[in-house]
Structure formats: structure tokens, C-alpha cells
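Residue numbers (the UniProt record's numbering): 1 to 845.
Laid out in C-alpha cells, this is it:
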């Protein structure tokens, strides 16, 4: 630029004065060499035009044409028109080149109306618009979606259109899906002797494929080849993309082979189309072949190629492989984009590797990339799924700070996360914020919040939201009704549930398996497992196949009421209907058999699990261990324990508690103490329950000193603090051993240590003292219970009744005996029975 300016200064000072053509040559050189998108040299360049005038040389049409063209290429059409006006004022007549530049500049700025007006004025200025001028305006109308106006211009052309003119309009019609009009224009073009080119055919082929017309697209492709036109990479890419989207990768690969045979070099797009589909199908051997072909062709993998691979691996849950590709692309100097990061984040979140996803998110920001709404939504969803909702809320706020507006997906995700951790009040606040932001909640939003409210038994608020939803012209679906039914049944509102079922019927909404399971669970919790079973029959009669949850619900209730044979019949029915039991199914049955002393049957089911392809979980082992220890089968329990360790299952503190309790119950207190010492070294966070089990075990074995030492060790350490149950166990043990003075001291120290006696403790003390014949002491604690309005447990009440019947004492405390009103209980049962019968009748109907 400096050299050009120096030359210009020399020209203006030269004698004789240079011709205007000399200046024009210099202006052409300057404007062509300067970046038209940069405005930094604009003032300098335009000052030259004024200097020429002052030097006594008048610019001519060519001069103005050069500057108008420069303005047009610089995307500054207003300045171009200013130069044009200056030219007209100085008496120069524009030429077709100048007018074409102005037309093009207007179209670039999307001022299509002004471009059309200029085109109409060109004949008035004495110019017949060139085909390029018409095509420029036609293209502008097409880009703005005004294809009808484009065709009007085509019809009014004073010069013969060319292949580019027709191809522009045909392409626009194809993009609109108007293939009839596109075909008519194509035929018109051919009839005028204008031969279609590859671009024309590509538009027609793409148009048919967008509408799913493979046969028509194939016919056009064949016609194109028959006319002697060679399909280009765009043609093949378009056809292959359609086939891949239809899952026809074999046919798409054949097209790739045909492309190579015809001498057409595949592009990155060609390979990416196939790579994407092979990745989605999980055919990674084909992916490897294509990558090798790309390398042989000298095609460097770009960000799209790598992103396609990462997407494929992620969608097939091969996130480690996706991460390897991610690292490789960076090693090869290809920078991931926001889309690449978003895909990887999604893959990591789906397999709950959310901490890795958070690290990746931070890396993305460090690289200078701006996360978009999809990126934030993905990570917020991942955090909510693992219940890290506080972190999700922080991310939500960060997103807003970055200037991104949360969308309906963001709000729905966070509302769902809050509801799942029972922060429903915060979810309601977010719901209101969402509405304030102008977003309309849809059915998913309402369903999520209604379900959250019902889960915390705020059914009235849920019903209010239900009514609000209806006023918003949103129709409740089966999910809405099932959530409300669940909430009502938790509160025992059977009649209200019955009304809701009637409403569902009126709305034509059929009950699904989840709804049936909800009602069945409520029936079972009310002890009406027989009616629950009847509901199973209703489901089958209505053609609705029960799922594993249905059967598990019934089995669990039968096991609870000692009807293990009926539970097993449900299990057999489940198998006969082709359902595969889950680990939960086996856990229910094993627990049921263990609880009611049928340990051998439980052990048979336990051993059967691996044969059925089910892994014995920690819960399974815990149930089996507890069952064997409770049955006094210590050797078998130890065998299960060894098997558990051999399987690689980690023993948690709960498992150790079961073992400690089992050893103590079966008088293996020395082993229990040895195990306690071992786990004290292994586990950093022992619980007070661990000590409580052992203290109770030591008292049961008559090892008072050992119990006392364990209690004192709790008081001496800073890790575990005793709870009220610890004191209760100690007091019961001391009373049983007749150490009443020590008991008195311990009770007095209770309040001093910041603890309060509860109902369980006082019942245990009263009962223990009465059994020891310490009636007066017992009276004092009964008075304490009366003062605290604590109820007597059945066993304590029985001890008092027994004492009264023997010597007439304790009449004052007879009033504390529980009032079991059989009449009231029976009446309530009849009401529930009536409501549930009505409800089942409605479902059956």
C-alpha cells in the first residue's frame, strides 16, 4: 500500500499530467490487492479520488466503475451508491458493468426489493440488462424465499436466460419441495435448447430425495448419465447420504465404489457420510477401512471426520474409544469444536462419568470455546441424574451469566432433578421463573412437578397444578393421572382415586401397566393382597401384560404376611408368561423364605441365580447371610461369606453388622470381637450401630466387662458418639445383671451428656425393673413416662397387667394401656374395603 501511495504522489506531481487511464490502472491495482472486507484503508483509498480531481485530472466512467466495484466487494453498497450519485452529478453516464455491480451489492445486503427496482430502471437508463443482471436479482429473490417473484423476473427477461438462471430457480423450487414446478421449469429449459448441467441435475435429485422419492431420483441420475454428463462428488454424496439415512449402507458403499470407478475423487464429505452411518451401526471394522482409504487418498481428517467418529463411538457406549479419538485429533493438530465437546459430554454423562464430563467442560472453556445451550443442558442433565442437583443449579446460573437463555429443556431437566431429591418448593420456584421468562410449560413440565408434589404428599397443590394445566389447553395424559393416583393412594383417598379413574375413562385414557402397579402397590400396603391379585387377573383379561414390578409387588406382600407358597406361585406364573425375573425378584423371595424359617428354599434360590444369568448383589448376600445366622446355621453363613469375598463383592459396613449380629446371636462372641478389631483397622468411619450390636451381644453372653469396655471406648473416642439406643442397651443389660446402682449412675449421666430418654428406653427400663421385682423404681419411671405422655408398649403393659393381677398394685398406670378399639378398626376396614371394591369394579368395567 505504501509503494502504491508513493507512486500516486509521483503521478500527481508529474509533468505533463498523466492520462486518466494511467490513474485507473493504479486504482485497479490498489483496490484489487486490498482486502475488500477490511475497512482500515477505506479513507486512504477514497482520498485518492479527491486528489485526482484536485490535480486537474477528471475521473471517467472507468474510474467510477473501479470504485463502485470495490465498494460492492467490500459489502458497502451505500457507499457505492454515493459514488454512483457523484458520478451522475459530474455528468457521466453509467455503463452495464456499474449497474451490475450495484445490483450485486444490493443482493449481497439482501435488499432484494431495491435490486428489483434498479433492474426495472435499467431500460429507462438506456441499457438492456445483461443475463447476469437478471440472474443476480433472480438469485436474490430465491434466497429470500420469494421464488414466485424470481419466476416473474424470469418471464420478463428481455434477454435469453442461460443454464445458471434456470438452475437457480429450479434449485429454489426443489428446496421448497415443489417438484412439479421444478420439473416444469426443467422441461421448459430443455425445450428452449438450454442444456442442463450437473448443478441442475443435482438440485432435482436432491429435491426428490428430500421427499423420499428414491425411484425418481434414480431415474434422473440415469438420465443425467445417458445425456453424457458426469456425476460429480455432490451427486454421489447426495445419493449416499439418502441411502445412509435409510440404513442402506451396503448400497451407499456400492455408490462409493462406482464413484471411484468413474474417476470421481471422493471428498471428505463422501467419507464422513459413510463413516457416520457405520459408526451408528457399530460396524467399526468398516470405519477402519474407510479411514485407511481416506489416508491413501491424501485426505486429512478434519474436525467433522473426527466428530463423526466420536459421535458414533459415544452412541454405541464406547466412550473410552471416543476419548482416544478425541486425544488423537488434538495430537494431530485438529482442534475440537463446541459440537465435538458436546457429543463427548453427552456420552460421558450417559454412563454416569459426570466428573470426567465436568473436567472436559472446564477444558473446553479453557480452550476458548463457548459452550452452547446443548452443552449446558447435557451437563445439567448428567448432574441431575446422579443427584448432584446443587452443582446443576450452579451451572444453570453460570449459563445465565454467560448470556445464554435457558430453554424449556433446561428448565424441565432442573425441575425434574429438584423433584427427585424432594426439593419440590425450589422446583415450584423454578417453574414460576420459567413462566416469567416467557416460556410456556408443556406437559412434561407439569407432569414432573405434579409427580414431585404427590411424592411428598402435597396432593392438594398437585391438583391445583392439574387444573392450571387444563386451563392452559394442555390435555393430561396417562402419566399425569398415574402421578395423581399415586399421591391420592398414599393418603388413603380411595374414593377420590375412584373418581379420577372415572374421569380417565371419560377422557378415553386407558390405564397402563404403571397405573395398575401403582394401585396394586397401594392395595398391598393396606394388607389387601387378595384384591391386588385380582387386579393382576384384570390386567391380563384386558390384554395388558404385567411387568416384573407387578409380580414383585405381589410376591413381596405375600412374603410379608407369611404366605410364601402363594408368593412362589406368583413367581411360577411370572415364568410361565415368559418374564425373566430380576435380582430384586430373587431378593424378595429369598428374604421371604429366610424370614419365615424356610432357609433351605432360600438357599436353593440363591444358588439358582447364576444359572439364570443373574448376579448375586450385595443386597442378595446380606439377605442370605442374615437368614442363615438367624437360623443358627453359622457354618453355612461363613461359606456364603467366603463365596461373597471370592466373587469380588465388596463388604460394606451393613454386611459386617449382619455378621457381627449373627455371631453374637449364636454365642460366637470371641469371633465377633476379633472381626470388630479387624474392621476397626479397615474402616475409617465406624458407626455407633457397630458398637450397639457388640454391646448387646456381650450382655447376652454375660460378658459385662466386655460390654462396659466397649461403651467406655465410645465415650473415649472422637469418631463415634453414643446414641439413645446405646444407653438403652447398656441400661437393659445392667438391670438384667442386677447392677442397679451403676444403672442409676448411667441414667443420671444421660441428661448431663446431652441426651433425652425416649419412649423405647423408658419402656425397656420399666419392663426390666418389673422383671427384677423393683416395683418402686419402676413406678418412678412410669411417672416419667406419664409426664412425657409416652405410650406403653404391649410387652410393658403385659408386665403391669400381670403385676396388678397378682397384688393389685399399679392401678394408676392402667390408664396408660393402649386403647385398642376393635369397633373403630373394623369400621375403618369396612370403609376401605367398600372403596377398593368399587375402584376395582370400575377398573374391571
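C-beta: ideal position from N, C-alpha, C; glycine also.
For residue 111, the three-state secondary structure derived from DSSP is coil.
Excluding sequence positions up to five before and after residue 270, its CB lies within less than 8 angstroms of the CB of 233, 236, 237, 240, 256 and 259, all in the same chain and listed in chain order. Cβ-Cβ distances below 8 angstroms link residue 211 to 177 and 179 in the same chain, with the five nearest sequence neighbours on each side left out; the list follows chain order.
In this structure, residue 529 lies near residue 557, with their beta-carbon atoms less than 7 angstroms apart. Ranked by Cα distance from residue 71, the first of 165, 88, 28 and 121 is 28. Judged by beta-carbon spacing, residue 95 lies within the 7 angstroms limit of residue 61, meaning their Cβ atoms are closer than that value. About 16 angstroms separates the CB atoms of residue 703 and residue 735; that is not less than 8 angstroms, and the two are not in contact.
Closest in C-alpha terms to residue 390, from the list 729, 181 and 414, comes 414.
Taking residue 737 as reference, the option from 698, 460 and 498 with the minimal CA-CA separation is 698. When the beta-carbon positions are compared, residue 377 and residue 409 come within less than 7 angstroms of each other.
For residue 171, the secondary structure class from DSSP, reduced to helix, strand or coil, is helix.
Exposure of residue 442 is indicated by the presence of fewer than 16 other C-beta atoms within 10 angstroms of its C-beta. For residue 378, the enclosing alpha helix (DSSP H) starts and ends at 373-385. Per DSSP, residue 368 lies in no alpha helix (DSSP H) and is assigned neither H nor E. The beta carbon of residue 544 sits closer than 8 angstroms to those of 511, 512, 513 and 516, all from its chain and outside the five residues before and after it, given in chain order. Of all alpha-carbon atoms in 281, 405, 218 and 306, the one lying nearest the alpha-carbon of residue 247 is that of 281. Separation of residue 187 and residue 350 (C-alpha to C-alpha, rounded to the nearest whole angstrom) is 52 angstroms.
Judged by their CB atoms, residue 483 and residue 451 are nearer to each other than the 7 angstroms cut-off. For the pair residue 66 and residue 261, the Cα-to-Cα distance works out to about 47 angstroms. Restricted to the region 417-465, the alpha helix (DSSP H) segments that are unbroken, complete and at least 4 residues in length are 424-436 and 443-455, listed in chain order.
Residue state for residue 617 is assigned as coil, using DSSP reduced to three classes. Boundaries cannot be given for residue 611, as no alpha helix (DSSP H) includes it and DSSP labels it neither H nor E. Taking 8 angstroms as the upper bound for CB-CB distance, residue 693 and residue 660 are in contact here, some 5 angstroms apart. Counting C-beta atoms within 10 angstroms of its own C-beta, residue 74 has 16 or more neighbours from the protein chains shown and is therefore classed as buried.
456 is the residue among 286, 741 and 456 whose C-alpha sits nearest the C-alpha of residue 488. With respect to the 7 angstroms criterion, residue 560 and residue 546 are not classified as neighbours on the basis of their beta carbons. The region 247-298 contains, as complete alpha helix (DSSP H) runs of 4+ residues, the segments 249-261, 268-281 and 284-296 (chain order).
If you compare the alpha carbons of 492, 583 and 503 with that of residue 526, the shortest gap goes to 492. Contact annotation: residue 392 and residue 380 have beta-carbon atoms nearer than 7 angstroms. If you check the CB distance, residue 140 and residue 112 come in under 7 angstroms. Per DSSP, the unbroken alpha helix (DSSP H) holding residue 219 starts and ends at 214-226.
Just so you know, the alpha carbons of residue 504 and residue 481 end up roughly 8 angstroms apart.
Taking a contact as a CB-CB distance under 8 angstroms, the pair residue 133 and residue 154 does not count as one, their CB atoms being some 13 angstroms apart. In this model, residue 524 and residue 618 are separated by some 26 angstroms (Cα to Cα). Residue 761 sits close to residue 728, with the two beta carbons spaced by under 7 angstroms.
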